[in-house]
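These notes concern the structure reproduced below.
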Amino acid sequence: MQFEYPQPILDRFTVLPLIASLIYRGEYNECRWDEHSRKRERTLRAVYDSTLRWLRMAFENVWLAGAIIISIATLIAHTLLHNVAIVELAENHLSDIRIALLAPPRQQSERIAVILINDDSLDQVNYRSPIDRRLIAEIIDQLEAKSVAAIGLNLRFDRPTEAEKDAQLYDRLRSLRIPIVVSMVSDKTGYSPRQREYSREYLEGLQTGLSLILRDTIDHTVRASLIRLVENDATQLGFSAALAQTVGIQLPERERIFIDYRQGPDAWTPPFPVYPAEQVAKLPKSALENRLVLIGTDLGHTRRLRTPFSVLNRGFANDLPGVIIEAHVLSQLIEGRTLGVVPDWVKLAITVAMAILGCLLSLLRVNLLSKLLIPMVLLPLAWFGALVLYIVDGSIVPVVSPTIAFVAAMIMTAFWQWRSENLRRERVHHVFGQFLAPAVVDQLLEKPGELELGGEVREISFLFTDLEGFTHLTETTQPRVMVGLVNKYLEEACNIVMSHGGTIDKIVGDALHVMFNAPLLQEDHAQRAVRCALELDEWSEDFRRFQQRQGIELGVTRIGINTGKCIVGNFGGESRFDYTAHGDAINSAARLEAINKELGTTICVSETTVDQCQGIYFRSVATLVLRGKNKAIKAYTPLNTEKLGDTKVILYERAYELLTEHEPECKQMFDELARLHPTDPLIALHQRRISQGELSTRLVITRN
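Structure representation (structure tokens):
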């Protein structure tokens, strides 16, 4: 019989979740809440906001964040260990494996022997349960004759059997000249009041003890036993403790002990001499003389109990009868041995230490592979250390819960680092994004070492914009209106540029200086620049018309694009640098933007850009010789796809080709185009030049 001792109810950590936003949305105004409800709502919102503020502040401090992470990781490990069966089972089995594999061998006990009543012992009786009491009396007689030191009778006496046999054993128990302890049933062992009353009356006047073997509620393994049970100021000794006390052993003060199972000297020798009941009479007196003899049953595997040694074997190879487990407890009490199960505060300290280690490892500034390899090495080392500690000191320390704390701390610290990095990037973007191009800020965050003084030669597409009539607008518009207008104009224009991957080099008044293919490489930089110009042109025209309807005369946005090699990089001093470009290609882009005014166009693109564009169609403008330049630039203006099929565009390109070849027939074609499309600025430009005798597309610019 085994005492089913309930596991103590462990502390349940009630984790208060953050107060959810139980606050209204739009429907609040439709509800009629009383003042108490509104006050409660305001209180909840204040607590919610304060909690979020406190957490945000806490996680911005690395030490405080680390303390919070370590505490949460420890709490997770503790909660899982005591509330999730599979985790507790894993911890138990790892402890059992240490005991089963590494328990030190000991010589067979010279003070304890066990007599087992098994199936063979009951062959001559008519029933198996309760055990025939005449048989028990005979075994006691035989043991007394062999001068044993004391007898422990680990059998149940909870109901009557045959009256004659009951009386025989009753008298024999009281006439013994050697100490005897009998196992008594109690209300704590699951017996009925009638059974308990019978046991009390039958064993009255005898030394008794309760079977206080503890079976784990998760895996039913016996790892501990109570020495005594204290209830209502009454103390009852356990069976093994009562027997030990009978022979003069001083019992420890604690109520519970972890069983230090005694290993035999080898795999074939049991830790205690065990004899079947039917062979007791045949044993020499020396086999049992002066020994403490325990009598119990072994009536089938189903009545055996799991022990830590059961973890390495299938079936019942290391499941033991209850009486043999009592023998292990008795041996431990007699020899004063203890199993080194560390106290709870040590377990907590180990768990916290592993959480700290996991947090620190996650903070190491090493590559991802190293962060994965280091725990894969450290954790097996920690587990091996637990084995070594058991071998050297006999102490059993937890393994699973510290591992959970270690992993949880690593994951949470990694998440905290990721979140902190995101917040840092957001702050840097917010601060530096006001002055540097977003792409430059991104590069600063990703590879800060690259943003050093110096530059490189790279092909870049430059886009320059300018708002026509901006100076006059500033003079004729109220400052408040002007500031709002320009900010709105620049904000949307910058958004369009950045959506195409452009880097805003400078903002000068209303003008944008934009680079493509720097600092980030873009194989399609020319195409990006032209598509960006088309979107800017379409949006700015809509914006201009909208402002006109508001009574504000806003000019058109002129755009110039050129592609060429230049030096790009960080220029300036050690205390301040400017990521920009220097080269002739920049000047050409600026002048192409300015030439739009003379040409009557809004977008002017150089041939070097056009040659790299695919899927975009262009209209020829002129072969320009910009001021201060000797080399001419072929200029084009991009077409929206809906204009590709226009007859005007087709005829214009034919006329322009004739003009390029200096063919006189081009005059007639341009005259006809001017008659059909009098508002087209390029047709008017070339018609005027032809009429002045300039039979060429070459146009020398002297004023930009």
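Residues in the sequence shown are numbered from 3 upward in steps of one, following the numbering used here.
All residues carry an ideal CB built from backbone N, CA and C; glycine is no exception.
Taking C-alpha positions only, ARG113 is separated from SER227 by approximately 20 Å. Judged by beta-carbon spacing, ILE376 lies beyond the 7 Å limit of LEU359, meaning their Cβ atoms are not closer than that value. With 16 or more other Cβ atoms inside 10 Å of its own Cβ, GLN529 counts as buried.
A contact is defined here as three or more CB-CB pairs under 8 Å, and the region 256 to 274 fails this definition with respect to the region 202 to 213. Put simply, the backbone Cα of HIS584 is about 10 Å away from that of GLU458. The three-state secondary structure of ILE635, taken from DSSP, is strand.
In this structure, DSSP gives ILE78 a helical state, which the three-state scheme calls helix. HIS515 has PHE466 and LYS508 as its beta-bridge partners, per DSSP. For ARG230 against GLY240, the beta-carbon gap comes to about 6 Å, under 8 Å, which counts as contact. Three or more beta-carbon pairs separated by less than 8 Å are not found between the region 235 to 255 and the region 133 to 146, which leaves the two stretches without contact. Taken through DSSP and simplified to helix, strand or coil, CYS534 comes out as helix. Pairing LEU314 with LEU46, the inter-Cα distance amounts to about 55 Å. The residue from ILE509, ALA269, VAL483 and ALA139 with its alpha-carbon nearest to that of ILE297 is ALA139.
The DSSP assignment places 114 to 120 and 152 to 155 as complete runs of the beta strand (DSSP E) inside the region 110 to 182, in order along the chain (cut-off: 3 residues). Contact between ILE327 and THR309 holds, since their C-beta atoms are separated by about 7 Å, short of 8 Å. In the pairwise beta carbon analysis, the region 659 to 673 is classified as not touching the region 601 to 614: fewer than three pairs are separated by under 8 Å. In this structure the region 407 to 427 does not lie against the region 522 to 536, because fewer than three pairs of beta carbons, one per stretch, are closer than 8 Å. In the structure shown, PRO382 falls within a helical segment according to DSSP collapsed to helix, strand and coil.
LYS148 counts as buried, since no fewer than 16 other beta carbons sit within 10 angstroms of its beta carbon. From the listed residues ILE182, ALA243, GLN197 and ILE180, the smallest Cα separation to SER188 is found for GLN197. In the DSSP assignment, SER608 forms a beta bridge with ALA637.
Shown here for THR415: same chain residues with a beta carbon closer than 8 Å to its own, the five before and five after excluded, namely GLY68, ILE71, GLY360, CYS361, SER364 and LEU365 in chain order. Taking the CA atoms as reference points, GLU93 sits about 23 Å from ARG339. Taking a cut-off of 8 Å for Cβ pairs, the region 684 to 695 and the region 607 to 620 do not touch, as fewer than three such pairs fall below it. DSSP, reduced to helix, strand and coil, places GLY387 within a helical segment of the structure shown.
Contact check for ALA520 and VAL570: beta-carbon distance about 5 Å, within the 8 Å limit, so the pair qualifies.
Taking 7 Å as the cut-off, the Cβ atoms of ARG621 and LEU653 do not count as close. Setting aside the 5 residues that flank it on each side, GLN110 is surrounded in the same chain by GLY266, PRO267, THR271, PRO272, PRO273, PHE274 and PRO275, each with a C-beta closer than 8 Å to its C-beta; the list follows chain order. Exclusion of the five residues before and after VAL343 leaves PHE260 and ILE398 as the residues of its chain whose Cβ lies within less than 7 Å of its Cβ.
Taking LYS287 as the centre and dropping the five residues before and after it, the same chain places the C-beta of LYS148 closer than 6 Å to its C-beta, in chain order. For ALA591, the uninterrupted alpha helix (DSSP H) segment begins and ends at 586 to 601. Taken through DSSP and simplified to helix, strand or coil, GLY68 comes out as helix.
DSSP places ARG230 inside the beta strand (DSSP E), whose first and last residues are 230 to 233. Per DSSP, the unbroken beta strand (DSSP E) holding TYR277 starts and ends at 276 to 278. For the pair VAL401 and SER73, the Cα-to-Cα distance works out to about 18 Å. Unbroken alpha helix (DSSP H) runs of no fewer than 4 residues, entirely contained in the region 198 to 255, are found at 241 to 248, following chain order.
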